[in-house]
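Asker:
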Amino acid sequence: MFRTYLSSFLVLAAGLQSVLAQSSSTACNNSPELCSRQYNNVTYLGARNSPFLRDDTTDFSTSGNQFYNTTRQLASGVRLLTGQVQYPNGTIDPHVCHTSCELLDAGTLSSWLSEIKTWMDSNPNDVVTILLVNGAGATASELASAYTRSGLSDYAYMPASSAATTTWPTLQELISNGTRAMNFVATLADNTGATYLMNEFDYIFENDYDNSEVSDFSCDVNRPSNLANDTSTAISSGYMPLMNHFLYENQLFGIQSPNESYANVTNGASGAGNLASAAATCASTYGKAPNFLLVDFTNMGPAIDTVDSLNGVSNPTGRTTLPTAALSETSAAAILLPGSSSLWMSLGAALLVVLSL
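Residues -21 to -1, 1 to 336 (mature numbering (1 follows the signal peptide of the UniProt record, and there is no 0)) make up the sequence shown, in order.
1. Cutting at 6 Å between CB atoms, please list the residues of its own chain near Ala173, excluding the five before and the five after it.
2. Have a look at the DSSP bridge pairing and note the partners of Ser155.
3. Please name the residue or residues paired with Arg298 in a DSSP beta bridge.
4. Are the beta-carbon atoms belonging to Leu167 and Met222 less than 8 Å from one another?
5. Which ranges does the beta strand (DSSP E) cover as unbroken runs of at least 3 residues, wholly within the region 89 to 137, from first to last along the chain?
6. Taking 8 Å as the threshold, find out whether the region 81 to 94 comes into contact with the region 28 to 43 through three or more Cβ pairs.
7. Could you please give me the residues that DSSP links to Arg202 through a beta bridge?
8. Could you tell me which of Cys261, Ala143, Gln151 and Thr245 sits nearest to Ser215, measuring between CA atoms?
9. Decide if the region 228 to 237 is in contact with the region 195 to 210; the criterion is three or more beta carbon pairs, one per stretch, under 8 Å apart.
10. Using CA coordinates, which residue listed in Leu92, Ser249, Phe163 and Gly280 is at the minimum distance from Ile183?
11. Contact between the region 58 to 68 and the region 20 to 30 is defined here as three or more beta-carbon pairs at a separation below 8 Å; is this criterion met?
12. Mark Asp189 as exposed unless 16 or more other C-beta atoms lie within 10 angstroms of its C-beta, in which case mark it buried.
13. Pull up the CB-CB distance for Ser15 and Thr149, whole angstroms please, since I reckon it's below 8 Å.
14. What whole-angstrom Cβ distance do Ala248 and Ala255 have, given they're in contact under 8 Å?
15. Suppose the cutoff is 7 Å on Cβ atoms and the five residues either side in sequence are ignored; what does the same chain contact list for Leu301 look like?
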């Protein structure tokens, strides 16, 4: 009898030890090493204009910034998603559109947020940051309505401070509290009734974004304007650095489109203007690693390698790998094909003022 009880106890003890060991190694954002770090002490890979695709669904539109949809971006390690908010003519429901909904309309904001929510439902140990570029000047209540319909507001983090701070929860705290969706808007002067929508430039600074040559890259503060070229004050005040690192390609009629042809270098670790060297330079300038690396075509490079290096992560878990090749051969092929909708969208873009984010 005693042996039976002893054997049962040992089995239970071994099982408990296994569970505890598994719990202690639970990954946060693909690594157990990140769980204890504060939100502002982690580097996140960002997909610029995440919902705007250059694939067969858009006839490989040269306005597209990403080859793979938001769900696949997240699965491959992207943890910052940006999108532009616009209103199609005659509608009251905000959409995610590239500069203009006539140019590239990726659908309603609530649908895109629902896609993010669905992925987060299936990945409960991940903190995701959303940055909305509020080109339409949508109010907090209008944006919050889309969040509520999508269900993503259920995961929204409520900031403890209304200004830049060095005190943020750890990733594990955000996960445990069920507040693992960090939401910023550029810009939102009044977030009354939806305080989880944080005005970006109250917490984050960015370097320059309008670059066509690798020699244009800089770590200097560009926005917010009150901190322009004042990196020391921005860092000491607790602003989180967002490093824009992508190139534009100049096309017909003065149109700028995301430069796909050089993206494996821009997002890589070698070659002129590569992401790894630029991030190291900015980390030295800031005295800390940039919190966000915002790139086009996140699969290329691959950009995630630089993020892992900055985070000191050598064995990421639970992540899928995307091909590093472009989906279309060249941007020119897509823009010049007779009858291609990309041609007409690009011609229309000549009449528009291209927003940067």
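Using N, Cα and C, we set each Cβ at its ideal position, and we do this for glycine too.
Answerer: Short version:
1. Ala119 and Ala123
2. Answer by DSSP bridge pairing: none, since Ser155 is not bridged.
3. None; Arg298 has no bridge partner.
4. No. Outside cutoff.
5. List check, beta strand (DSSP E) in window: 107 to 112.
6. Touching, per the Cβ criterion.
7. Glu185
8. Ala143
9. no
10. Phe163
11. yes
12. So Asp189 counts as exposed.
13. 6 Å
14. 4 Å
15. Tyr47, Arg51, Ser55 and Asn278
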